[in-house]
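Take a look at the structure below.
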Amino acid sequence: MGIQDNVVGISPVGCSVLAYNYFDTDFVEAAHGRAPACASAIKRLRPDTFVFSYQGDGDLASIGCAEVMHACNRGENITMIFINNGIYGMTGGQMAPTTLEGMETVTCPYGRDPELMGHTMRLTEVLAQLPGTYYVTRQAVYTPALARKCKKAIRQAFENQKLNKGVSFVEVTSNCNSGWKMTPVKANKWMEENTLKYFPLGDMKVDGKFAPNFMERVSTFDQPNETRFSLRSK
Amino acid sequence: MAKELKLMKGNQAIAEAAIRCGCDGYFGYPITPQSEVLEHLMAERPYLKTGMVVLQAESELASINMVYAGASTGKRVMTSSSSPGFSLMQEGLSYIAGAELPALCVNVVRGGPGLGTIQPSQSDYFQTTKGGGHGDYRLITLAPSSVQEMYDFVELGFDLAFKYRNPVAILSDGVIGQVMEKVMIDDYKPRWTNEYIEEHCPWAATGHRAGKKSTIVTSLELDSLKQEGVNERIQAKYRKCEAEDARHEAIQCDDAEYIFVAYGSAARICMKAVELARAEGIKVGLVRPITLWPFPKKAVAEIGGRMKKILCVEMSAGQMIEDVKLAVECKVPTIHYGRYGGVIPTPVEIFEALKNMIK
Amino acid sequence: MTEEIIIAGFGGQGVLSMGKILAYAGIMQDKEVSWLPSYGPEMRGGTSNVTVILSDERICSPYLNQFDTAIILNQQSMDKFESAVKPGGLLIYDPNGITNHPTRKDISIYQVAAADKASELGISKLFNMIILGGFLAVKPLVTPEMLHKGLEKSLPERHHHLIPKNEEAVEIGKGLLKPYNVL
Chain A
511 MGIQDNVVGI
521 SPVGCSVLAY
531 NYFDTDFVEA
541 AHGRAPACAS
551 AIKRLRPDTF
561 VFSYQGDGDL
571 ASIGCAEVMH
581 ACNRGENITM
591 IFINNGIYGM
601 TGGQMAPTTL
611 EGMETVTCPY
621 GRDPELMGHT
631 MRLTEVLAQL
641 PGTYYVTRQA
651 VYTPALARKC
661 KKAIRQAFEN
671 QKLNKGVSFV
681 EVTSNCNSGW
691 KMTPVKANKW
701 MEENTLKYFP
711 LGDMKVDGKF
721 APNFMERVST
731 FDQPNETRFS
741 LRSK
Chain B
47 MAKELKLMKG
57 NQAIAEAAIR
67 CGCDGYFGYP
77 ITPQSEVLEH
87 LMAERPYLKT
97 GMVVLQAESE
107 LASINMVYAG
117 ASTGKRVMTS
127 SSSPGFSLMQ
137 EGLSYIAGAE
147 LPALCVNVVR
157 GGPGLGTIQP
167 SQSDYFQTTK
177 GGGHGDYRLI
187 TLAPSSVQEM
197 YDFVELGFDL
207 AFKYRNPVAI
217 LSDGVIGQVM
227 EKVMIDDYKP
237 RWTNEYIEEH
247 CPWAATGHRA
257 GKKSTIVTSL
267 ELDSLKQEGV
277 NERIQAKYRK
287 CEAEDARHEA
297 IQCDDAEYIF
307 VAYGSAARIC
317 MKAVELARAE
327 GIKVGLVRPI
337 TLWPFPKKAV
347 AEIGGRMKKI
357 LCVEMSAGQM
367 IEDVKLAVEC
377 KVPTIHYGRY
387 GGVIPTPVEI
397 FEALKNMIK
Chain C
16 MTEEIIIAGF
26 GGQGVLSMGK
36 ILAYAGIMQD
46 KEVSWLPSYG
56 PEMRGGTSNV
66 TVILSDERIC
76 SPYLNQFDTA
86 IILNQQSMDK
96 FESAVKPGGL
106 LIYDPNGITN
116 HPTRKDISIY
126 QVAAADKASE
136 LGISKLFNMI
146 ILGGFLAVKP
156 LVTPEMLHKG
166 LEKSLPERHH
176 HLIPKNEEAV
186 EIGKGLLKPY
196 NVL
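Here it is as structure tokens:
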């Protein structure tokens, strides 16, 4: 897009705390969970600069839940990238709001029990329902074809920002082979077989309108989750 | 248009000063007794006058992090709150200090601890001057005792913040926030242009690289030796600030045998107590610290050192008194008088406390 | 000259705005002024008070516990502030709703039956200006010209057509002043 000399990225706390070492643009390191507040302020103070946040699931869906909800609700003209791997990686594999039911982590070593620990959170589906979001999608990058598709989605998210359309939100479903204690190949396979059942890929909102299958996507959300996963048994 | 005289609340003066001194952005969340700051800004619509951004954030956490990010890009940004909200901002202030950014934060103090009361207090002295957040950092702290100073200290605060690339706090309280007094206001100053910021703030992540290496704003340094270096650089700034920017006001101290040491609204009440005491022939003066950090050690040592006794008056259980005692190295008897929990001491009761101290 | 005044009554009686007009008039007359309201739960319908100081010198404390003048508009405020008037000072009150009248002999006390008059004339919103008139009749701290300028500064422009009515109310108040205990 030729915008590299006019971008400020916001890196979070978590595995991507050092994201600024891997992007060749200006960057601001945010406190844990506050990247959407940071991005909001920068975009308002510098409306001609492209601003994006890059957050993991602990950062965005747990400690930063309020900031992401309100930035989306205000319709800030920013691009948000949400990397969801269902676990706290940086701190050593603890339970995240996105950890699947039954999944084992060091803070739910007997598997996530929703009665004790709450349910797996599908925040992206919630954000799609806020009027300030313009583009909301869930992507993955575990095959070359999906990676290409994801790249297209991220480009779309920046094109939208160029047109002042509000929040463009791209969730990238990912794995954490060290936290999940699997080989990279096995982690990808496990993600495909389990994570994506609960977090199905696809667009949720495009051009400010729900995707045609959005109602179908959320229609089962009032049903108890029949699927229980176990990392070790797999 | 030149200067103009207005009748304003302290909180409104903060807001008006922000608009007029070229502030780029205010991010805040309502809390008594300082909500008039955000209310006045929203009513004045500075985005139409100077292009200043005003945003009611979802929380104090969001506010201070918006300030952090705005400052990261070289903008003159600020927030305001009152005690419980200011507590929530401590982490953000630590990040701002750690990333060496300029920012302004106003605390219109109310009584605590906890949810406490909404009435005036000075019980956040320790939190503000000793570093309420984590890590070795200091907040440069200005203590206004009039509406005019509420106005003047906004621009002064930004100047100090940019001079030291460190957060500055204006530590006020419910009395100075709510009282209306005469205030001389300036004409609108233009905000800095993006080009000016590019030129003068090379540390800012403006997004505009124009051939430069990218700019990273962070307070993270995993290499301890390097982090120690960062700390040394920050501490050197603080020594410079202590040497150059400690401020105070001395009132009727020349012939005094006793002094009050008090700041903010307590200093105003002490001025009245000085009047009452002088009418009865008691030679008392007042030293009013204007910067609480850096504390005006030298002035308090010099003036306090000549006194028979010192009465430190605070709307707290006794916080600043520790700095007063350190300044005079405990060589002069220093006694605390305070009311707290939102109770304001009256001039008469301070006068009585003085008489008790003398006998 | 320094005049330290407390104005106290119910929220909605115009206590704060009366103080503000007085403060603005003081500014117009080149005086130092201070206006400190009570704030908090009481401003949402309960009692409300404001400390106004006019002075030729720098004002020390905006917060006081002794006053040259107390302007009292309800019983709670009478109970609280009668004793806060300095000996030789002034107390002005509206007898409407007052059951325990002031008893001090060392201060000057006047009544201004402003509430009755305001409702008789159908100008209940100008009640506070009638009271202010009574006060200015005893202590003409600000001239009518300066009061006019103070009203201009204090009222939003859309209410400027009401300034003459406000001034009339002040004049009515001056006429209503009734000595109760004069030193």
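Respectively, the protein sequence lines represent chains A, B and C. Just so we're on the same page, the working numbering is the position in the first sequence counted from 1, plus 510. Just so we're on the same page, the working numbering is the position in the second sequence counted from 1, plus 46. Just so we're on the same page, the working numbering is the position in the third sequence counted from 1, plus 15. Glycine included, C-beta positions come from ideal geometry on N, C-alpha and C. Predicted model, so just to flag it, every value in this text is computed and none were measured.
If I measure Cβ to Cβ from residue i and keep anything under 8 Å in the same chain, skipping five residues before and after, which residues do I get?
i, result
"S118 of chain B", "A145, L147, A250, A251, V263"
"F82 of chain C", "E19, I20, I21, T66, F96, A99, V100, K101, G104"
"M88 of chain B", "V100, Q102"
Mark residue i as exposed unless 16 or more other C-beta atoms lie within 10 angstroms of its C-beta, in which case mark it buried.
i, result
"T118 of chain C", "exposed"
"T630 of chain A", "buried"
"D341 of chain B", "Rather than Asp, the amino acid found at residue 341 of chain B in this sequence is Phe. Buried, because 16 or more other Cβ atoms sit within 10 Å of the Cβ of F341 of chain B."
"E82 of chain B", "buried"
"V359 of chain B", "buried"
"K744 of chain A", "Reliability fails at K744 of chain A, whose pLDDT of 43 lies under 50, so the model's placement of it is uncertain and no value is given."
"S729 of chain A", "exposed"
"C247 of chain B", "buried"
"G188 of chain C", "buried"
"I513 of chain A", "exposed"
"R665 of chain A", "exposed"
For residue i, go through chain F and note every residue whose CB falls closer than 7 Å to its CB, in chain order.
i, result
"I552 of chain A", "Absence of chain F from the displayed structure is noted, the protein chains being A, B and C."
Is there a Cβ of chain B sitting closer than 8 Å to that of residue i, yes or no?
i, result
"A38 of chain C", "yes"
"P52 of chain C", "yes"
"R556 of chain A", "yes"
"A540 of chain A", "yes"
"S743 of chain A", "Unreliable placement is indicated for S743 of chain A, whose pLDDT of 45 sits below 50; no coordinate value is reported for it."
"E18 of chain C", "no"
"L170 of chain C", "no"
"E135 of chain C", "no"
"G103 of chain C", "no"
What residues are listed by DSSP as bridge partners for residue i?
i, result
"D301 of chain B", "Paired residue(s): none; D301 of chain B is not in a bridge."
"S127 of chain B", "B:N153"
"M226 of chain B", "B:K55, C:W50"
"I86 of chain C", "C:I22, C:I107"
"G568 of chain A", "Its beta-bridge partners do not exist; DSSP assigns none."
"A650 of chain A", "A:T683"
"Y645 of chain A", "A:S678"
"K355 of chain B", "B:Y304"
"R622 of chain A", "For R622 of chain A, which the question treats as bridged, DSSP gives no partner whatsoever."
"H294 of chain B", "B:P335"
"L217 of chain B", "B:N153"
"K715 of chain A", "A:V646, A:F720"
"Q604 of chain A", "A:Y598"
"G257 of chain B", "DSSP lists no partner for G257 of chain B."
"L188 of chain B", "B:I216, B:T337"
Under a CB-based cut-off of 8 Å, is residue i close to chain A?
i, result
"A101 of chain B", "According to the sequence shown, residue 101 of chain B is Leu rather than Ala. Yes, because at least one Cβ of chain A sits closer than 8 Å to the Cβ of L101 of chain B."
"S105 of chain B", "yes"
"M112 of chain B", "yes"
"G56 of chain B", "no"
Can you list, in chain order, the residues of its chain whose CB lies under 6 Å from that of residue i, leaving out five sequence neighbours each side?
i, result
"P379 of chain B", "K355"
"V152 of chain B", "I60, S126, I216"
"C582 of chain A", "L637, L640, G642, T643, V677"
"I142 of chain B", "Y114, A149, P213"
"E539 of chain A", "S521"
Looking only at its chain, what residues have a beta carbon closer than 7 Å to the beta carbon of residue i, apart from the 5 residues adjacent to it on each side?
i, result
"Q28 of chain C", "L88, F142, N143"
"R385 of chain B", "M361, P391"
"L51 of chain B", "K228, M230"
"K283 of chain B", "Y210, N212"
Please check if any C-beta of chain C sits within less than 8 Å of the C-beta of residue i.
i, result
"E326 of chain B", "no"
"K49 of chain B", "no"
"S126 of chain B", "no"
Below 7 Å, is the gap between the Cβ of residue i and the nearest heavy atom of the ligand HEM?
i, result
"E72 of chain C", "No copy of the ligand HEM occurs in the structure displayed, which carries no ligand at all."
Does the stretch 646-658 of chain A come into contact with the stretch 554-572 of chain A, if we say contact requires no fewer than three beta-carbon pairs (one atom in each stretch) closer than 8 Å? They do not touch, by the three-pair rule.
Closer than 8 Å is the cut-off here; do at least three beta carbon pairs connect the stretch 241-261 of chain B with the stretch 172-185 of chain B? Result no; under three Cβ-Cβ pairs closer than 8 Å.
Between the stretch 696-706 of chain A and the stretch 714-732 of chain A, can you find at least three pairs of beta-carbon atoms closer than 8 Å? Segments in contact, no.
With three or more C-beta pairs closer than 8 Å as the rule, is the stretch 109-123 of chain C touching the stretch 39-50 of chain C? The stretch 39-50 of chain C is not in contact with the stretch 109-123 of chain C.
At a cut of 8 Å, does the stretch 31-48 of chain C reach the stretch 160-169 of chain C through at least three beta carbon pairs? Touching, yes, given that three or more Cβ pairs across the two stretches are closer than 8 Å.
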